[in-house]
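In structure tokens form, the structure reads like this:
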């Protein structure tokens, strides 16, 4: 990404807020590894299923492509060895293809932030969700107690809520914020106003909340292959330069309302830069490390906002 942030390294020796403010154990106990998805109860699942009225479906992930925006030098490469890989076999002349994928998972296309993603440098070590210290769990070959498989075991079946910030601001994609009070920063008051305008119930316990900013249209899966290399390069730079999104007041409000997942059509979901220049990705730390509310990024929400589907059944699980 090309966005720059003040104080990303060496701003202070340590942050001991997790200990001073008792971030652990979580409300689900010291052994909890899944986070807020634990709030999903059979009653909530049945209530969410009741939102289905039309039987329509929408896929919210973007298409993976080697020339799409990515974090730093990360990349995506898919090849079909042999094409075909093998065959023919037998009298019926069976043929087959295999595939080979070389990629990073984080910040490649639509991606999930789980328990092992965001931590805090404390005086006692690298602190992650529910008080787990990096080095005492996991390795380079797996995150152990911070692994995404613990979230996947639960899975998400919830009331999905779409917040249309483009409509709230009067049309057109929101811009990259330039400071506090910028319209590209979504506040708690903005969330309440969108809910009111959209005629839906307030966000609440067990909800999965998704933000439409219009920023994702810079990299839109329906148009991407129409652009030449120069235009794609220009759009990658614009997409990565920063983004509109949730501000810290919105994130604190959603935490208080006990939601279980956030997502957006942007690469971080929260505003970049946010209100506090010396606290980049403040929402990430408060929602994920402190409260176990995970995150889906680079989503394609176009089918939802085109249909004005402001609440819906959301079903998804990360890969184990």
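Numbering (our numbering), first residue to last: 9 to 328.
The C-beta atom is built at its ideal place from N, Cα and C for all residues, glycine as well.
Quantities reported herein were computed from a predicted structural model and do not represent experimental measurements.
Please report the straight-line C-alpha distance between residue i and residue j, rounded to a whole angstrom.
i, j, result
"residue 169", "residue 216", "6 Å"
"residue 284", "residue 188", "8 Å"
"residue 139", "residue 269", "20 Å"
"residue 295", "residue 107", "37 Å"
"residue 206", "residue 197", "14 Å"
"residue 120", "residue 163", "13 Å"
"residue 304", "residue 31", "23 Å"
"residue 114", "residue 153", "19 Å"
"residue 12", "residue 264", "Confidence at residue 12 is low in this model, with a pLDDT of 49, below 50, so its placement is unreliable and no value can be given for it."
"residue 77", "residue 244", "5 Å"
"residue 93", "residue 74", "22 Å"
"residue 96", "residue 104", "8 Å"
"residue 374", "residue 26", "The requested residue 374 does not occur in the structure, where the chain is confined to residues 9 to 328."
"residue 68", "residue 99", "42 Å"
"residue 141", "residue 275", "26 Å"
"residue 83", "residue 233", "17 Å"
"residue 286", "residue 144", "29 Å"
"residue 277", "residue 91", "39 Å"
Please tell me whether residue i and residue j are closer than 8 Å, where the distance is taken between their beta carbons.
i, j, result
"residue 194", "residue 253", "yes"
"residue 331", "residue 228", "This structure cannot speak to residue 331, because the chain is shown only from 9 to 328."
"residue 185", "residue 279", "yes"
"residue 118", "residue 306", "yes"
"residue 53", "residue 293", "no"
"residue 42", "residue 159", "yes"
"residue 212", "residue 48", "no"
"residue 271", "residue 218", "yes"
"residue 226", "residue 246", "yes"
"residue 60", "residue 321", "yes"
"residue 66", "residue 311", "yes"
"residue 123", "residue 156", "yes"
"residue 176", "residue 134", "no"
"residue 137", "residue 199", "no"
Please state whether DSSP places residue i in a helix, a strand or coil.
i, result
"residue 227", "helix"
"residue 158", "helix"
"residue 116", "strand"
"residue 45", "helix"
"residue 180", "coil"
"residue 129", "strand"
"residue 269", "strand"
"residue 14", "Any reading at residue 14 must be qualified, since the residue scores a pLDDT of 49, below 50, and its modelled position is unreliable; the value itself is stated next. Residue 14: coil per DSSP, three-state reduction."
"residue 232", "helix"
Under the rule that 16 or more other beta-carbon atoms within 10 Å means buried, what is residue i, buried or exposed?
i, result
"residue 71", "exposed"
"residue 172", "buried"
"residue 40", "buried"
"residue 125", "buried"
"residue 89", "exposed"
"residue 297", "buried"
"residue 282", "buried"
"residue 101", "exposed"
"residue 273", "buried"
Could you give the C-beta distance for residue i and residue j, rounded to a whole number, given that I count them as a contact under 8 Å?
i, j, result
"residue 238", "residue 130", "About 46 Å; that fails the 8 Å criterion."
"residue 300", "residue 34", "6 Å"
"residue 221", "residue 174", "7 Å"
"residue 183", "residue 192", "5 Å"
"residue 319", "residue 208", "5 Å"
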